[in-house]
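So the protein lines, in turn, are chains Y and Z. Each residue of the first sequence is one higher than the one before, starting from 0 at the first, in numbering that gives the first Met the number 0. Each residue of the second sequence is one higher than the one before, starting from 0 at the first, in numbering that gives the first Met the number 0.
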Amino acid sequence: MTEVLLNVMDGWPQGLQTLIVILIKITLILIPVMLGVAYLTFAERKLIGYMQVRIGPNRVGPKGWLQPIADALKLMFKEIILPTGANRFLFLTAPVLAIGPALAAWAVIPFTEGMVLADINAGLLYILALTSVGVYGVIIAGWASNSRYAFLGAMRSAAQIVAYEIAMGFALVGVLMAAGSLNLREIVLAQQGSILHWFLLPLWPLFLVYFISGVAETNRAPFDVAEGESEIVAGFHVEYSGMAFAVFFLAEYANMILIAVLTAIMFLGGWLSPFHGILPASAFTLPVVGALLGDGIHWFLIKVSLFLFIYLWLRATFPRYRYDQIMRLGWKVFIPVTIVWLVVLGVAIKVNLGPWFD
Amino acid sequence: MLENYVPILVFLVIGILFGVIPMLAGFLLGPRRPDDEKLSPYECGFEPFEDSRMKFDVRYYLVAILFIIFDLEIAFLFPWAVVLDEIGLFGFLAMMLFLAILVIGFIYEWKKGALEWE
Numbered sequence: 000m001t002e003v004l005l006n007v008m009d010g011w012p013q014g015l016q017t018l019i020v021i022l023i024k025i026t027l028i029l030i031p032v033m034l035g036v037a038y039l040t041f042a043e044r045k046l047i048g049y050m051q052v053r054i055g056p057n058r059v060g061p062k063g064w065l066q067p068i069a070d071a072l073k074l075m076f077k078e079i080i081l082p083t084g085a086n087r088f089l090f091l092t093a094p095v096l097a098i099g100p101a102l103a104a105w106a107v108i109p110f111t112e113g114m115v116l117a118d119i120n121a122g123l124l125y126i127l128a129l130t131s132v133g134v135y136g137v138i139i140a141g142w143a144s145n146s147r148y149a150f151l152g153a154m155r156s157a158a159q160i161v162a163y164e165i166a167m168g169f170a171l172v173g174v175l176m177a178a179g180s181l182n183l184r185e186i187v188l189a190q191q192g193s194i195l196h197w198f199l200l201p202l203w204p205l206f207l208v209y210f211i212s213g214v215a216e217t218n219r220a221p222f223d224v225a226e227g228e229s230e231i232v233a234g235f236h237v238e239y240s241g242m243a244f245a246v247f248f249l250a251e252y253a254n255m256i257l258i259a260v261l262t263a264i265m266f267l268g269g270w271l272s273p274f275h276g277i278l279p280a281s282a283f284t285l286p287v288v289g290a291l292l293g294d295g296i297h298w299f300l301i302k303v304s305l306f307l308f309i310y311l312w313l314r315a316t317f318p319r320y321r322y323d324q325i326m327r328l329g330w331k332v333f334i335p336v337t338i339v340w341l342v343v344l345g346v347a348i349k350v351n352l353g354p355w356f357d
Numbered sequence: 000m001l002e003n004y005v006p007i008l009v010f011l012v013i014g015i016l017f018g019v020i021p022m023l024a025g026f027l028l029g030p031r032r033p034d035d036e037k038l039s040p041y042e043c044g045f046e047p048f049e050d051s052r053m054k055f056d057v058r059y060y061l062v063a064i065l066f067i068i069f070d071l072e073i074a075f076l077f078p079w080a081v082v083l084d085e086i087g088l089f090g091f092l093a094m095m096l097f098l099a100i101l102v103i104g105f106i107y108e109w110k111k112g113a114l115e116w117e
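As structure tokens, this is what we get:
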């Protein structure tokens, strides 16, 4: 496809050609991501509905399938309120700061072999940096709103995200030690072999810490004290309405999908098939079945969907954590667990413990 | 090598546009009929009577300081973890010593009650 395009653009300036190719690739990433975000909100309402023995949204379109589009249109035609006493510039910058990093992080995600926008060596470092920038959106929103609830929500969320980011960072160090690379594609390839080689097994405490920290980082239930609609109304985005609120909403869901994607890549072998080493090698050469059984983007999507389902399931099942319990879990449970496991992992790598590190 | 980072720059710009354009659309398409009641900060129906940027607990500062220490530690661990295979036993033990010093600090702050949120 790239070659057809390059033929069409023959004779155009070199810089323009690369820019257009990049823009097309970005569009090809962003459209599925935005569709995923829209239908994740729908899936959430439906799933939680069924878990609570209700039906969920079912009026707009067949079985409610047009609900997310109706929501977006409605929000677009609502007034954006700028509260008195708010710092207008920061108030409007905050949503942009939330969504910019949440989307830009997708640049280094490998969807399947060779399907990545920017195959850079510092992929994981880039992701860590961008997810940290996302915190600013929440803090600035809370401070700029000039509202007590927003301020409280921002303070809570800042301390919580900071605590869980350390646990998350340590879990990432474990992945790096096992994979020996910051490049996300190489991290996936380091898990080749069989289902036993996925980092899920040698790094299982880090996997749990990473995923739970991810839930806390995105301010999702049961760690949603930053929003806590029954305590501080909506936390940091009380004062936001219309599209300004919608942008925060998009950022939250894009971050959820991002965490699910990263967990799948780092611990469940991304696009690798779980059947390697179980089925005989000849099974993968069968006409259609072989392609389905072998590696491919469908495995990646299945794994991501699994984690997104867990996200929604957690919200339907658990009551909200108390704030002191959140901080205790982050500082006194997750950080010691990860430090201990890093030492264990280091020793395991140094003695070449099979089947993972030989 | 460096041209691998161009798509990231473009993506960052697009990500920011994804925040700016919907809000501009919201301002253009939505109504604008502000009044005093609507613009006052939400406070469960009360008139807000003080500046809402109030004093907050000193423990938030403490958490921020502890965060810097540990985040720096992670920044040191990143390059070490990548080359773990090549630096041999000495590199491994050196980092274990560094970790041990930090763990002593961690135990100290734990015993001092810096992590308590009763």
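Note that beta-carbon positions come from the ideal geometry of N, C-alpha and C, so glycine has one too. Because the structure is a prediction, the values reported are computed rather than measured.
| Check | Outcome |
| --- | --- |
| Residues within the region 2 to 25 of chain Y neighbouring chain Z, beta-carbon criterion of under 8 Å | THR17, LEU18, ILE21, LEU22, LYS24 and ILE25 |
| Local Cβ density within 10 Å of Y:ASP223, reported as buried at 16 or more and exposed below that | buried |
| Contacts around Z:TRP116, its chain only, beta-carbon distance under 8 Å, and the 5 residues preceding and following it disregarded | ARG58 |
| Residues of its chain near Y:LYS45, where Cβ-Cβ distance is below 6 Å and the 5 sequence neighbours each way are ignored | GLY55 |
| Inter-residue Cα distance where the pair is Y:ILE113 and Y:VAL132 | One detail in the question is off: residue 113 of chain Y reads as Gly in this sequence, not Ile. Approximately 28 Å, taken between the alpha carbons. |
| Buried versus exposed call for Y:TRP340 [16 or more other C-beta atoms within 10 Å across all chains shown] | buried |
| Short Cβ contact (9 Å threshold) for Y:GLY168 with Y:GLY152 | no |
| Runs of alpha helix (DSSP H) lying entirely within the region 157 to 204 of chain Y, each at least 4 residues, in chain order | 183 to 188 |
| Beta-carbon separation (whole angstroms), Y:ALA243 vs Y:PRO94, contact threshold 8 Å | 5 Å |
| As assigned by DSSP and simplified to three states, the class of Y:THR83 | coil |
| Element boundaries [alpha helix (DSSP H), containing Y:ASN57] | Y:ASN57 -> no alpha helix (DSSP H), and no H or E assigned at all. |
| Residues near Y:GLY345 in its chain [Cβ-Cβ closer than 7 Å; skip 5 each side] | MET176 |
| Cβ-based neighbour list, Y:TRP197, same chain, cut-off 7 Å, excluding 5 preceding and 5 following | GLN190, PHE266, LEU267 and GLY268 |
| Simplified DSSP state of Y:THR284, which is helix, strand or coil | helix |
| Proximal residues to Y:ILE296 (C-beta, below 8 Å), its chain only, five neighbours per side dropped | PHE110, THR111, MET114 and TRP270 |
| Exposure label - Y:PHE317; buried when at least 16 CB within 10 Å | exposed |
| For Y:TRP330 and Y:ILE28, the rounded distance between their alpha carbons | 36 Å |
| Per DSSP, the bridge partner or partners of Y:THR217 | DSSP output for Y:THR217 lists no bridge partner at all. |
| CB contact check: Z:ALA93 to chain Y, cutoff 9 Å | no |
| Whether Y:LEU74 touches Y:ALA245 by CB criterion (9 Å) | yes |
| For Y:MET114, three-class secondary structure by DSSP | strand |
| Chain Y residues whose Cβ lies nearer than 8 Å to that of Z:TYR59 | MET154, ALA157 and ALA158 |
| Three-state secondary structure (DSSP) of Y:MET255 | helix |
| Under 8 Å by beta carbon: chain Z residues contacting Y:VAL342 | MET95 and LEU98 |
| Beta-carbon proximity of Z:PHE66 to Y:ILE165, cut-off 9 Å | yes |
| Touching by the beta-carbon criterion (3+ pairs, under 8 Å), the region 152 to 163 of chain Y and the region 211 to 219 of chain Y | yes |
| Beta carbon proximity, Y:TRP330 to chain Z, threshold 9 Å | yes |
| Three or more C-beta pairs below 8 Å linking the region 22 to 39 of chain Z and the region 82 to 90 of chain Y | yes |
| Presumed contact (8 Å Cβ cut-off) between Y:ALA104 and Y:ILE119, rounded CB distance | Contact doesn't hold; Cβ gap of about 12 Å is too wide. |
| Interface flag, Y:TYR322 vs chain Z, CB-CB below 9 Å | yes |
| Between the CA atoms of Y:VAL172 and Y:VAL350 - distance to the nearest angstrom | 19 Å |
| Enclosing alpha helix (DSSP H) for Y:LEU15 [first to last residue] | 13 to 50 |
| Z:LEU27 to Z:LEU101 span [Cα, whole Å] | 54 Å |
| Cβ neighbour criterion (16 or more within 10 Å) applied to Y:THR312 | The sequence shown places Trp at residue 312 of chain Y, not Thr. Exposed, because fewer than 16 other Cβ atoms sit within 10 Å of the Cβ of Y:TRP312. |
| Per-residue contacts from Y:VAL132 into chain C (C-beta, under 9 Å) | Looking for chain C here will not work: the only protein chains present are Y and Z. |
| Chain-ordered residues of the region 175 to 187 of chain Y with a beta carbon less than 7 Å from chain Z | LEU175, MET176, GLY179, SER180 and LEU181 |
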